[in-house]
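Each protein sequence line maps, in turn, to chains A and B. Per the working numbering, the very first residue in the first sequence carries number 289; after that it's consecutive. Per the working numbering, the very first residue in the second sequence carries number 44; after that it's consecutive. Glycine included, C-beta positions come from ideal geometry on N, C-alpha and C.
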Amino acid sequence: MSSPKKITKKELRQVFWRSFALQGAFNYERMQNLGYAYAMIPVIKKLYDKHDDQVKALNRHLEIFNTTPAVSTTIMGISAAMEEQNANDSNFDSNSINAVKASLMGPLAGIGDSLFWGTFRIIAAGIGVSLATQGNIFGPILFLILFNIPHLFLRIAGLKLGYRVGVNSLERIQKEGLMEKIMAMTTTVGLMVVGGMVATMLKLTTPLEFDINGAKVVLQDILDQILPNMLPLIATFVIYGLMKRKVSITKLTLGIIVVGILLHWIGLL
Amino acid sequence: MAAQAIMLGIIAGIGILDSRIFGVLMLERPLVLGLLVGLVLGDVQQGVIIGAQLELIWMGIAGIGAATPPDIVTGGVLGTAFAIISGQGVEVALVLAVPIAVLAQSLGVLVRIINTYFMHRADNYAAKANFRGVTIMMWIPPILFFLSVFIPTVLAIILGAEQVKNMIESVPETILGGLEVAGKLLPAVGFALLLDMLFSKKMGVYFFLGFLAASFLDLNITAIALFGACIAIIVNLVINNNSNNQANDQKGNNNNLTEGEIDFE
């Protein structure tokens, strides 16, 4: 037996940089497969010398793959650890490498989407937009910084954790309920920020006034006394309700443009 | 104009490649692209303001799963650019950006279909263990993605700027006022989309907490996010841990291994 094959920091660093291009060749048939295989090439080259082994490994990672790009490195780390085992142990079942990939990409995409799309992006954008609406150029810059600190941290930490702890790592995290806790916490912050944005960034007021026995009554003042920002809140929930009834986004957007013109024409908004 | 058109095309190209080869660093968002478009057209402030407004509208649109979302990159760059060139405000950007995004989406779909061909050629190279071949097949599609937004953007600016300007000037005042109202309403779509992702009976109360904090206490978004983080920690870690500890104590707790067991480095 020759000495055991081992992945070094060098290969992991290459996987890290290549992981950014995951969706470069996105296609409808196997989605991110080519990007995934591309990211795994340094690992495959390092571990396998024989032509046949290289072909098998390349084919493995050209199978269908789709997940949230930010969590992809975690799965790549696990794949790398399993390829290493496979290269050194002739009894290792190589089918398990793809089985693990397939079983992880769904749940991790769920977590990744709600963490990065549903939460970090919204908090960062909420803060960025509130500066940018005043024309402040730090709005966009702060947005990029706030989002990418947790983003890049997870890419690095996920790859290391995936490679070091292998398949067991995620089972372990799931068992301890850590993932649910993180999800609940980020959803809490995300929802509060969305609530704050509805109040501060939807500027809906009505110009309607009544004349009652010579006294001028401004409708907006009355609404403000009942609940400030009542109209933005109502508008958001009406549209949310329509979405729940499966009205498409395109129809909603076009509908709002028409409704906006009509409401302005009759003087309601 | 030609030089500016090419620069705007490159901005759109960078935007579309963000989720392709830059790992979704958020360079594709209208908030960021608005700044860049403003820089090229010499009105940074207006670019940033329009970008912020488009960001609000499209905040809920995200490329999740296999679905192809509206092309907010082309829509955002052209909408912002036309609004600045024509000297009109945010409402013009909105009205132009939304249909452009839907239209441009079809080109993105086309590229994803064409990519299947390169993927199959990569399969053939893989069968010969030709790493170089696989790598080349991987890097041709990003060029197609780039061209799919670069060409339409440059052409639209060179050929369309004058027409768009004339068209906008002929729109009657009432319609423009109505569009302004529509522009104020449209971010509600973005917020509703976010609620669709986050809202649940159990968690819904936090939405209202944030809303009331902004409405009555005049807290800004940063303050709400920070208070939210504290509340999340209190509810999920402090209170939960107390109740867990009590439960464990009653059971004659002998499972102290959970914390600090994971070795991260």
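Any C-beta of chain B under 8 Å from that of residue i
| i | result |
| --- | --- |
| Phe-441 of chain A | no |
| Lys-334 of chain A | no |
| Pro-395 of chain A | no |
| Arg-318 of chain A | yes |
| Gly-427 of chain A | yes |
| Thr-541 of chain A | yes |
| Val-486 of chain A | yes |
| Tyr-451 of chain A | no |
Chain-order list of residues whose beta-carbon lies under 6 Å from that of residue i (same chain, five-residue window excluded)
| i | result |
| --- | --- |
| Phe-307 of chain B | Summary for Phe-307 of chain B: the model assigns pLDDT 37, below 50, so the residue's position carries little reliability; its value from the coordinates is reported in the next sentence. No residues qualify anywhere along the chain. |
| Thr-361 of chain A | Ser-307, Arg-443, Gly-446 and Leu-447 |
| Gly-400 of chain A | Thr-356, Ala-358 and Val-359 |
| Leu-350 of chain A | Asn-321 and Ala-325 |
is_contact[residue i, chain A] using C-beta, thresh 8 Å
| i | result |
| --- | --- |
| Phe-189 of chain B | no |
| Met-240 of chain B | yes |
| Gly-56 of chain B | no |
| Thr-123 of chain B | no |
| Thr-217 of chain B | yes |
| Phe-254 of chain B | yes |
| Val-141 of chain B | yes |
| Thr-265 of chain B | yes |
| Gly-118 of chain B | no |
| Ile-200 of chain B | no |
| Gly-66 of chain B | yes |
Cβ-based neighbour list, residue i, same chain, cut-off 8 Å, excluding 5 preceding and 5 following
| i | result |
| --- | --- |
| Met-102 of chain B | Pro-230, Gly-233, Phe-234, Leu-236 and Leu-237 |
| Ala-523 of chain A | Leu-490 and Leu-492 |
| Gly-312 of chain A | Leu-322, Gly-323 and Tyr-326 |
| Gln-342 of chain A | Ile-332, Lys-333 and Tyr-336 |
| Met-364 of chain A | Val-303, Ser-307, Tyr-324, Ala-327, Met-328, Leu-447 and Gly-450 |
| Leu-300 of chain A | Gly-365, Ala-368, Leu-447, Lys-448 and Tyr-451 |
| Leu-521 of chain A | Val-486, Ala-487 and Leu-515 |
7 Å Cβ cut-off: residues of chain A touching residue i
| i | result |
| --- | --- |
| Ala-272 of chain B | Val-477 |
| Glu-98 of chain B | Ala-413 and Val-417 |
| Leu-146 of chain B | Residues of chain A passing the Cβ test: none, with the nearest at roughly 11 Å. |
| Val-275 of chain B | Checking the displayed sequence, the identity of residue 275 of chain B turns out to be Ala instead of Val. By Cβ distance, chain A contributes Met-473, Thr-476 and Val-477. |
Candidates the options, of which the one nearest residue i by Cα
| i | options | result |
| --- | --- | --- |
| Phe-251 of chain B | A:Leu-479, A:Leu-507 and A:Leu-492 | A:Leu-479 |
| Ile-100 of chain B | A:Ile-410, A:Ala-387, A:Ile-385 and A:Asp-337 | A:Ile-410 |
| Met-69 of chain B | A:Asn-376, A:Lys-293, A:Asn-436 and A:Gly-414 | A:Asn-436 |
| Asn-424 of chain A | B:Leu-82, B:Leu-60, B:Val-91 and B:Ala-268 | B:Val-91 |
| Phe-125 of chain B | B:Ile-267, B:Leu-260, B:Leu-228 and B:Leu-202 | B:Leu-202 |
| Ile-352 of chain A | A:Ile-545, A:Ile-549, A:Asn-386 and A:His-339 | A:Asn-386 |
| Ile-218 of chain B | A:Leu-507, A:Leu-550 and A:Val-506 | A:Leu-550 |
| Val-177 of chain B | A:Thr-475, A:Val-482, A:Ala-345 and A:Val-481 | A:Ala-345 |
| Leu-222 of chain B | A:Pro-292, A:Gly-548 and A:Leu-515 | A:Gly-548 |
| Leu-82 of chain B | B:Ile-59, B:Met-50 and B:Gly-66 | B:Met-50 |
| Lys-171 of chain B | A:Phe-441, A:Met-467 and A:Asp-340 | A:Asp-340 |
| Pro-73 of chain B | B:Pro-113, B:Ala-48, B:Ile-156 and B:Met-44 | B:Pro-113 |
| Asp-61 of chain B | B:Thr-117, B:Ile-93, B:Gly-85 and B:Gln-96 | B:Thr-117 |
| Val-87 of chain B | B:Leu-97, B:Thr-123 and B:Thr-111 | B:Thr-123 |
Residues near residue i in its chain [Cβ-Cβ closer than 7 Å; skip 5 each side]
| i | result |
| --- | --- |
| Leu-556 of chain A | Thr-494 and Leu-496 |
| Ser-129 of chain B | Val-135, Val-207, Lys-208 and Ile-211 |
| Ala-309 of chain A | Gly-323 and Tyr-326 |
| Met-485 of chain A | Gly-414 |
| Val-120 of chain B | Leu-51, Ile-54, Ala-55, Gly-58, Leu-76, Val-80 and Thr-196 |
| Asp-292 of chain B | Summary for Asp-292 of chain B: the model assigns pLDDT 48, below 50, so the residue's position carries little reliability; its value from the coordinates is reported in the next sentence. Excluding sequence neighbours, Asp-292 of chain B sits near nothing in its chain. |
| Ala-375 of chain A | Lys-293, Leu-335 and Tyr-336 |
| Ser-391 of chain A | none |
Contacts that residue i makes with chain B (C-beta to C-beta distance below 8 Å)
| i | result |
| --- | --- |
| Phe-431 of chain A | Met-69, Arg-72, Leu-74 and Val-75 |
| Thr-494 of chain A | Simply none; closest approach about 10 Å. |
| Ile-329 of chain A | Phe-174, Val-177 and Thr-178 |
Contact set between residue i and chain B, taken where Cβ atoms lie within less than 9 Å
| i | result |
| --- | --- |
| Leu-322 of chain A | Asn-158, Phe-161, Met-162, Ala-165, Val-177, Met-180, Met-181 and Pro-184 |
| Tyr-528 of chain A | Ala-231, Phe-234, Ala-235, Leu-236, Leu-238, Asp-239 and Phe-242 |
Residues that residue i contacts on chain B, provided the C-beta gap is smaller than 7 Å
| i | result |
| --- | --- |
| Lys-469 of chain A | Asn-279 |
| Val-535 of chain A | Residues of chain B passing the Cβ test: none, with the nearest at roughly 10 Å. |
| Gln-280 of chain A | This structure cannot speak to residue 280 of chain A, because chain A is shown only from 289 to 557. |
| Gln-342 of chain A | Ala-172 |
| Gln-311 of chain A | Ser-62 and Arg-63 |
Within chain A, partners of residue i - CB distance below 8 Å
| i | result |
| --- | --- |
| Ser-149 of chain B | Ordered by position in chain A, no residue passes the 8 Å Cβ test against Ser-149 of chain B, which lies about 13 Å from the chain. |
| Ser-129 of chain B | What Ser-129 of chain B touches in chain A: nothing, since even the nearest Cβ is about 18 Å away. |
| Ile-222 of chain B | The displayed chain sequence assigns Leu, not Ile, to residue 222 of chain B. Chain A residues near Leu-222 of chain B: Ile-545, Gly-548 and Ile-549. |
| Leu-262 of chain B | Gly-484 |
Alpha helix (DSSP H) segments (min. 4 residues) lying fully within the segment 337-399 of chain A: 339-349 and 360-376
Length-filtered (4 minimum) alpha helix (DSSP H) runs lying within the segment 165-214 of chain B: 174-212
Inside the segment 45-79 of chain B only - alpha helix (DSSP H) runs reaching at least 4 residues: 45-64
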